[in-house]
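In what follows, a single structure is set out as structure tokens and then discussed.
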Amino acid sequence: MNAIFKRPDSLKDTITHFCPGCTHGIAHRLIAETMDELGIADRTIGIPGVGCCVFLYNYFPIDVLEAPHGRAPACATGMKRAQPDKIIFAYQGDGDMAAIGTSEIIHAANRGENITVFFINNSVYGMTGGQMAPTTLLGQQTTTSPYGRDFKSEGYPIKMAEMLATLEGVAYSTRVALHSPKHVNQAKKAIRKAFEMQINEMGFSVVEMLSTCNTNWRVSPLEALKMLEREMIPYYPLGVFKERTGKDFL
Amino acid sequence: MTEKKLTKGNIALAEGAIQAGCRFYFGYPITPQNDIPEYLARNLPKHGGTFIPAESEIASINMVMGASASGKRAMTSSSGPGISLMQEGISYLAGSEMPAVIVNIMRCGPGLGGIAPTQGDYNQAVHGGGHGDYRNIVLAPGSVQEMFDLTIKAFELADRYRNPAMIIADAMIGQFQEPCRLTPERPVEFPEKSWALTGRRGRDPRLLKSLYLGDYEQEEHNLFLKQKYDEIQENEVMVEMQNLDDAELIIIAFGTPARVAKTAISLAREEGLRVGLIRPITLFPFPVNEIYEHSARAKNILVVEMNTGQMVRDVRIAAHKDAAIHFYGRPGGGFPFPDDVLGEIKKALGGGAR
Amino acid sequence: MYYDVIMAGFGGQGIQMISQIVALAAIRKGLNVTYLPSYGVEKRGGRTNVTLVIADEEIGSMVSNHPKCVIAMDTIAVDKYKAQVAPKGLLIANASLVPLAMLDRSDIVPLPLRCNDEALALGSAKLSNMIALGAFLQRSEILGFGDVEAVIDEVTPERLKKTIPANLEAIRRGIEIAANGSVR
Ligand SMILES: Cc1ncc(C[n+]2csc(CCOP(=O)(O)OP(=O)(O)O)c2C)c(N)n1
Ligand code: SF4
Ligand SMILES: [Mg+2]
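As structure tokens, this is what we get:
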């Protein structure tokens, strides 16, 4: 019998700590499959930010560095400069990248560091219990925006993929979503493209993935997927915001 | 009026801040102190206050600086790595003589560490943490009521001395509940702030700064600060002392270990062992005189901490030279249970023999 | 008087509820109380445990590793806390879920109660915590039914107020079973 749905080699056979229904797990699987397909796992080093992704080392049988909260792009910079022949990816949540780590992500991107960053936007700080993040939607209630996010005091949700696309050093910036099979397929392609950018030494690549946090949104996993489609995508449009085709920057 | 409500430590602290007149809170989430920002997000607006979910702890402490420079009572709270990120700002606050209240509900480190109760940040809080020759006022609550009362005290001391005040508590103190009176014991003090930056209309311009480049200027400034710290040491020591009159052994502990020590002491006394307690409530200023006097007589000290030995160094400096100093430490992740402490008491007293 | 109890089980078994009732009733009686819930990571695993210390003197440690009583609402709770019960102490176990063979310490007093079955017999599985509470009141002797009756309204959230009479009945039932000392 042929297995048609097989665990990728680059994903360990363990039960994850993610809440049932959390799309972090999908992102993990896609990254693992892509590392398998490109045959790069044995020379790839992963750098998770601090958030629900912090246990990345439990799931990927690769080398892993645990970075301080928000600093993964700086750690990745140091690592890539020290070993340019390795594939380095950072994996950050929206609190990690779009709040505490804005400085590091912008400057790594602006320097055109030849690294790949996977960005899980689930509109809250998941790990700490669902507080408001810079990506939280207007009107969205969280434990620290109990009356709903109000632009007058908390500003507008940050569009990281678009913002990073404005920087010259960026080779590839895209936003995908993880709520339906069709979108998951697109996400997979984006992840592959991002790794290829690094392999071909094109510069900085980032894939923003719209994600769910059903636990802290306080809805069922299924309803969370619907909310992603209904509420996140209208504000966070999917698409490619920058794609370099040749080393024209040289 | 003085009815007590079963209250969580972190909530008592947050309500204490509101009652102290704090109307500006800036913070970034981190376990195990999230109850504080979450409570203030809900309740500060009801008092006309401002809550900002800041983008980082670096931003938080600098927002505090801005509000404080405006003459307002402002606070931030965090834990472990977040407090580390604030150190530059705290040093600036001390150097430019600005009040602020910074709360550290400690997590175990180093690094990302864990969230079990711990006291690993004693040195960071008491002996600097940031750069330069400064002191924080450091308060260490040992009950839910003190989480409330000492928060008010922290704002008063910070304003009185124009200096950052830190509250450090282990997660047990933050997370457990006790009956608590949620109104101030006495009217809250609000000192005049003749240094606040409010626009120079009708007066000379004011300046808050910490850069001193002129000949001897920096030294003069440091000596001035030193004088202030001496004054704090002289006037503001808070300490709880129990069962010291006949004590042959004194336990010195703060926060949760002091609570555990109280239980261990009553177990020890049931067995006829004469043990007493000194619980520093202020860690700076440290109860140097109290420790010296009592150790001169009791001759035996047992320091209990939830770390590998931090406050014990200050006890060594303070204690009488003839006192034998024993240490029992359980770093974060472990816990000093009452019978563990009882065992240490017996060891320190020579197997229980007297 | 000094009494410490650990109440443990999985989320949804109403452990917070009964521990809140006991804590408040003790406070109203003028006693000192400390209430220590599990926090952080443990919360995520879906476990609930509460350490309560009740005393007429000042309470030192809010943590106890030799409690006079453990209320264990499932097998995991028995596993975790059985060894900690102080000698001659009381282990109230939810025998609807816990095999009697697990209650094998001879130096403590086991009190197995079929909490779920008793609760169902009263009309709702949700009352199992109250059966345990009743048994605790009867055996610990620090609080009476009246003390609890006086505070239950205050502890019960608005949407559950209509369950109060059934809860009180279940507490009475727990007291009755414990008084008979029989394993049912
Ligand atoms: C300096 C510092 N501040 C705060 C924290 C606490 N913390 C841990 S994870 C996290 C937020 C995670 O949110 P996000 O990056 O969105 O990841 P998610 O869990 O939602 O995937 C925070 C604030 C920390 N570890 N370090
Ligand atoms: S808290 Fe949210 S982001 Fe974290 S594992 Fe659970 S669902 Fe996923
Ligand atoms: Mg997030």
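Chains as they are written, first to last, in our numbering: chain A, 945 to 1194; chain B, 72 to 425; chain C, 103 to 286.
Beta carbons are placed, not taken as given, at the ideal position from N, Cα and C, and that holds for glycine.
Fair warning: this is a prediction, and the values are worked out from it, not measured in the lab.
For residue j and residue i, the rounded distance between their alpha carbons
| i | j | result |
| --- | --- | --- |
| T967(A) | D986(A) | 25 Å |
| G1183(A) | I101(B) | 33 Å |
| A1018(A) | L156(B) | 16 Å |
| K417(B) | A395(B) | 14 Å |
| I273(C) | V124(C) | 12 Å |
| S163(C) | Y399(B) | 16 Å |
| R277(B) | L164(B) | 16 Å |
| Y99(B) | V1061(A) | 23 Å |
| H198(B) | I322(B) | 22 Å |
| I161(C) | V135(C) | 7 Å |
| V211(C) | F406(B) | 27 Å |
| E1128(A) | V383(B) | Reading off the sequence, residue 1128(A) comes out as Val, not Glu. Distance between the alpha carbons of V1128(A) and V383(B) is about 57 Å. |
| P1181(A) | L193(C) | 58 Å |
| V253(C) | T265(C) | 14 Å |
| K280(B) | F226(B) | 21 Å |
| A389(B) | D220(B) | 27 Å |
| E288(B) | A240(B) | 37 Å |
Chain-ordered neighbours of residue i on chain B, where CB pairs are closer than 9 Å
| i | result |
| --- | --- |
| G162(C) | A329, R330, V331, A332, K333, T334, A335, I336, S337, P409 |
| I1064(A) | Residues of chain B passing the Cβ test: none, with the nearest at roughly 16 Å. |
Cross-chain neighbours of residue i in chain B, by beta carbon under 8 Å
| i | result |
| --- | --- |
| S1089(A) | A112, P124 |
| L126(C) | L77 |
| I129(C) | K75, L77, P250 |
| Y105(C) | Under the 8 Å cutoff, chain B gives no residues; its nearest Cβ is about 13 Å from Y105(C). |
Cross-chain neighbours of residue i in chain C, by beta carbon under 9 Å
| i | result |
| --- | --- |
| E249(B) | N134, V135, T136, Y137, I161, M164 |
| M218(B) | Those do not exist, as M218(B) stays about 13 Å from chain C at its closest Cβ, beyond 9 Å. |
| F406(B) | V165, N167 |
Under the three-state DSSP convention, the category residue i falls into
| i | result |
| --- | --- |
| A1131(A) | helix |
| D230(B) | helix |
| D1007(A) | strand |
| K1186(A) | strand |
| P409(B) | helix |
| G403(B) | strand |
| R274(C) | helix |
| E1048(A) | helix |
| T1060(A) | strand |
| I186(B) | coil |
| D75(B) | Reading the sequence as shown, one finds Lys at residue 75(B) and not Asp. Strand, per DSSP. |
| E427(B) | Residue 427(B) cannot be examined here, being either before or after the span of chain B that is shown, 72 to 425. |
| P152(B) | helix |
| F122(B) | strand |
| G995(A) | coil |
| D192(B) | coil |
| R206(B) | coil |
| H365(B) | helix |
| D158(C) | coil |
| P1165(A) | helix |
| G1039(A) | helix |
Cross-chain neighbours of residue i in chain A, by beta carbon under 9 Å
| i | result |
| --- | --- |
| L183(B) | V994, V998, E1010, P1012, H1013 |
Neighbour list for residue i in chain A, Cβ cutoff strictly below 7 Å
| i | result |
| --- | --- |
| E446(B) | Here chain B covers residues 72 to 425 and nothing more, so residue 446(B) does not appear. |
| P152(B) | P1012, H1013 |
Within chain B, partners of residue i - CB distance below 7 Å
| i | result |
| --- | --- |
| Y1069(A) | P100 |
| P952(A) | Neighbours of P952(A) on chain B: none; closest Cβ ~28 Å, over 7 Å. |
Beta-carbon neighbours of residue i, restricted to chain C and to distances below 8 Å
| i | result |
| --- | --- |
| M243(B) | L138, M164, V165 |
Per-residue contacts from residue i into chain A (C-beta, under 8 Å)
| i | result |
| --- | --- |
| H105(B) | The sequence given here places Asn at residue 105(B); His does not occur at that position. What N105(B) touches in chain A: T1072, G1073, Q1075, T1087. |
| S148(B) | Those do not exist, as S148(B) stays about 12 Å from chain A at its closest Cβ, beyond 8 Å. |
| S131(B) | Correct list: empty, because the minimum Cβ distance to chain A is about 10 Å. |
Residue i: contacting residues in chain C (beta-carbon distance under 7 Å)
| i | result |
| --- | --- |
| Q381(B) | Near Q381(B) there are no residues of chain C at all, since even the closest Cβ is about 21 Å away, more than 7 Å. |
**Prompt:** Can at least three beta-carbon pairs, one atom from the segment 1126-1143 of chain A and one from the segment 88-95 of chain B, be found at a separation below 8 Å?
**Reply:** In this structure the segment 1126-1143 of chain A does not touch the segment 88-95 of chain B; the number of beta carbon pairs closer than 8 Å is below three.
**Request:** Take every Cβ of the segment 397-413 of chain B, pair it with every Cβ of the segment 326-335 of chain B, and state whether three or more of those distances are shorter than 8 Å.
**Result:** yes
**Prompt:** Any contact of the segment 271-288 of chain B with the segment 204-217 of chain B, i.e. 3+ C-beta pairs under 8 Å?
**Reply:** Remark: fewer than three beta-carbon pairs, one from each stretch, lie closer than 8 Å, so the segment 271-288 of chain B and the segment 204-217 of chain B are not flagged as touching.
**Message:** Can you tell me which residues fall inside 5 Å of ligand 5, judged by beta-carbon distance to its nearest heavy atom, and keep chain order?
**Reply:** Absence of ligand 5 from the depicted structure is noted, with ligand 1, ligand 2 and ligand 3 being the only ligands included.
**Prompt:** Quick one: any contact between the segment 119-127 of chain B and the segment 205-214 of chain B, if contact means 3 or more CB pairs under 8 Å?
**Reply:** no
**Message:** Does the segment 349-366 of chain B come into contact with the segment 317-331 of chain B, if we say contact requires no fewer than three beta-carbon pairs (one atom in each stretch) closer than 8 Å?
**Reply:** yes
**Prompt:** If you pair each beta-carbon of the segment 74-81 of chain B with each one of the segment 246-255 of chain B, do three or more pairs fall below 8 Å?
**Reply:** yes
**Request:** Say whether the segment 1051-1059 of chain A touches the segment 1001-1013 of chain A, bearing in mind that this needs 3 or more beta-carbon pairs closer than 8 Å, one atom from each stretch.
**Result:** no
**Message:** When you compare the segment 985-1005 of chain A with the segment 1025-1045 of chain A, are there three or more beta-carbon pairs, one atom per stretch, that lie closer than 8 Å?
**Reply:** yes
**Contact between the segment 1134-1154 of chain A and the segment 992-1000 of chain A (3+ Cβ pairs under 8 Å)** = no
**Asked** Do the segment 1104-1121 of chain A and the segment 1140-1149 of chain A make contact, defined as three or more Cβ pairs closer than 8 Å?
**Response** yes
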